[in-house]
Structure formats: C-alpha cells, structure tokens
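Numbered by mature numbering (1 follows the signal peptide of the UniProt record, and there is no 0), the letters in the sequence shown go through residues -20 to -1, 1 to 163 in order. We put the CB at the ideal spot given by N, CA and C, even for glycine. The block underneath contains the structure these notes are about, expressed in structure tokens.
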Amino acid sequence: MKKLLIVSLGAMLASTPAFAADSDSEAFDINASVAETCTMEGISDVDLGTLSINTTAGSGALLINNTSADETSPFWVSCNESNRMLIDADLGVLKNQTRTLASGDDSGFKDTINYSVYALNYLNSGAGPEHNSAQGSIGQNTTRGAIHRQVELRARVRANENQDARPLAGTYEDTVTVTVTTI
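Right, dumping it as structure tokens:
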C-alpha cells in the first residue's frame, strides 16, 4: 500500500502544471493619417444684369453710372490645412462678345469694361484676394489657416473705374478661375 501511495503521489506531481506569472501585457500603437485637401462647392456664374449708363444727353451721356452693378454669390470653401486663394481672370476685363470697335465709331467708345471680383470673407481680417481690372490684383495668395465656411464672392462694375470711355452696346464677358491650394 505504501508503494501504491508513493507511486500515486509521484504521478500526481508529474501531472501538475507549473505555476505561471500573474499577468502579461504588450503595448501597441494605432496610427492613421488625413490627407491635405481643399474643396470648393457652389461657385456659379455671376450675372451683373444690364449696366446702368447715363441716358441723359450731354457731355456725360452713355458713361457708366456710379456703382452700376454689384452682385454677390456665396460658395463653400473647405481646406483642412493652411492654404491660399488665387482669383485669376482670363482677359482681365469684361469683353464685348457681340461687337468690337469699328472704324466708323467715334473716339471715346470702348468694347471692354473694367470690373472687380473678390472673396469678401475668405480671410479672417483685411481685404480678401481680388482681381481688379483698373487697379490690379490685391491680396492674391495670402496664406491663411484651415477653413470651412461659405465665402461671399463679389463682382462689381464701378463708374470711377470706367471713366476712360463709353461702353458699346452688347453682351460683355470674362472667365474667372478661383483656385484654393494647401501649402
């Protein structure tokens, strides 16, 4: 019986597992990235309508009146990084698409109209980027921080920028491109 008990006790010790540590842990990182991006939505054509000209006979006849046209068009700008805006005009002036100056026209007429277009609230303060036919570009490519807002794009024709000549009758047009770039 003693032999059997010793053999049983030996078998039991041989089959008992070794005691492990109380716990174990490993650390790991979780990584992700977000690509730089700028998007715009809702930019639409701007129709300044029929410009107001002086129809009273005399030395000021047919000149553009005061602020003849002023139209604002909202669009969304979203950039998740510092960025800048460029407003670029193809011709730089509104060009008559219906008629050009002809040899029989009196001097003092023109087939172009100066205009300006600018982003009112793109920057947090100060003048936003602007294309201006008469005064040149202002605030182009000014760096600003990340943005997500509706920006007001304003186009206008002013009398004081068109005193050089009387516009010919017709439809005037220019193409403007707005570019927003991360930096």
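By the beta-carbon neighbour count (other beta carbons within 10 angstroms, threshold 16), Ile10 is exposed. Taking C-alpha positions only, Ser87 is separated from Gly125 by approximately 49 angstroms.
Asn60 places its beta carbon 8 angstroms or farther from that of Val131. Scanning its chain for C-beta atoms nearer than 6 angstroms, with the 5 sequence neighbours on each side dropped, one finds around Ser117 the residues His111, in chain order.
Residue pairing for Pro147: DSSP places it in a beta bridge opposite Lys90.
With distances taken between CA atoms, Asn46 lies nearest to Ile33 out of Asn94, Ser113 and Ile33. At the C-beta level, Val57 and Val160 come within 8 angstroms of one another. Looking at the DSSP output, Ile33 bridges to Ile44.
Assigned with DSSP and collapsed to three states, Ala99 falls in strand.
By the beta-carbon neighbour count (other beta carbons within 10 angstroms, threshold 16), Ile163 is exposed.
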